[in-house]
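Position one of the sequence shown corresponds to residue 0 (numbering that gives the first Met the number 0), numbered consecutively onward. Note that CB positions come from ideal geometry on N, CA and C, so glycine has one too. Contents: one structure, followed by commentary.
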Amino acid sequence: MRPNTMNKFGAVLDDFGLEAMLDKLMNDFIRPISKVFFPEVGGSTLDSHHGFVVEYGMDRDVELGFHVDDSEVTLNVCLGREFSGGELFFRGVRCDKHVNTETQSEEILDYSHVPGYAVLHRGRHRHGARATTSGSRVNLLVWCRSSVFRELKKYQKECSSWCAECQREKKERQCFSIAATKQELLKRIGNTSS
Ligand SMILES: O=C(O)CCC(=O)C(=O)O
Ligand SMILES: [Fe+2]
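Shown next as structure tokens:
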């Protein structure tokens, strides 16, 4: 089975009986850290996962297009081996409604994989992987999900506190409203003083 809809090379780890190991990894390591760093996307209630390895290189996948993960929090561990390229590029956190909106300059973040090191990020943090230009790159991915977060999201009408574009729009609305109130007040002051 393909590890996800984008990668062709790799394997789903649950298929190899590694579910219990991934449970432990999520419960003992990913959730406690996510509780601190990603509470707004259900970091403290992560309760299921999809774990897989992906392989890049000659005769394997080359790069990975811009996307968001089907996860609240993703652990991405670089297992090696020797390779060049394959950098991750991050471009801001977005909700479903804003997933294709423009990137702000302060959201541009590039990261070079280092064997033995991991990255933990929100699943909705838009990202992709540049071409692996030589050698072989293998990464372990654990997409962690929170059923509580997903259920609550269904009933949420207001903008998301964790989507940078929702927050930018909210700020813009507040600025318009302040400007309109100011104008109205100035008009009234003008009317009373004449
Ligand atoms: O190739 C990588 O390091 C990123 C993989 C990834 O983003 C994913 O599988 O969701
Ligand atoms: Fe991803």
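Cutoff 6 Å; reference residue i; Cβ partners in own chain excluding five residues on either side
| i | result |
| --- | --- |
| phenylalanine 89 | Leu108, His124 and His126 |
| histidine 112 | Cys77 and Gly85 |
| glutamate 54 | Phe8, Gly9 and Val137 |
Short Cβ contact (9 Å threshold) for residue i with residue j
| i | j | result |
| --- | --- | --- |
| arginine 129 | leucine 87 | yes |
| glutamate 168 | cysteine 158 | yes |
| methionine 5 | histidine 97 | no |
| leucine 24 | valine 52 | no |
| threonine 131 | arginine 80 | no |
| glycine 122 | valine 40 | yes |
| aspartate 69 | asparagine 26 | no |
8 Å Cβ shell around residue i - same chain, five flanking residues per side excluded
| i | result |
| --- | --- |
| aspartate 13 | Leu21, His49 and Gly50 |
| aspartate 46 | Arg144, Ser145, Ser146 and Val147 |
| glycine 134 | Gly56, Arg80, Glu81, Phe82 and Ser83 |
Alpha-carbon to alpha-carbon, residue j and residue i
| i | j | result |
| --- | --- | --- |
| alanine 178 | isoleucine 188 | 15 Å |
| proline 38 | valine 141 | 18 Å |
| alanine 117 | methionine 57 | 23 Å |
| alanine 19 | cysteine 174 | 51 Å |
| cysteine 165 | asparagine 99 | 13 Å |
| glycine 85 | lysine 181 | 51 Å |
| tryptophan 161 | histidine 120 | 13 Å |
| glutamate 150 | leucine 185 | 46 Å |
| serine 43 | valine 35 | 8 Å |
Reference residue i; option with closest CA among the options
| i | options | result |
| --- | --- | --- |
| valine 11 | Gly91, Leu139, Ile29 and Leu184 | Leu139 |
| glycine 115 | Asp60, Trp161, Arg149 and Asn75 | Asn75 |
| valine 72 | Glu62, Ser33 and Gly91 | Ser33 |
| leucine 63 | Phe8, Leu185, Lys186 and Gln155 | Phe8 |
| lysine 152 | Glu54, Cys94, Leu17 and Val61 | Cys94 |
Own chain residues within Cβ distance below 7 Å of residue i, not counting five before or after
| i | result |
| --- | --- |
| threonine 102 | Arg90 and Gly91 |
- Message: Threshold first: 3 residues or longer. Then list the beta strand (DSSP E) segments lying entirely within the segment 88–173, N to C.
- Response: 107–110, 117–121, 124–128 and 131–144
- Query: Curious, which full-length alpha helix (DSSP H) runs of at least 4 residues does the segment 22–89 contain?
  - Reply: 30–36
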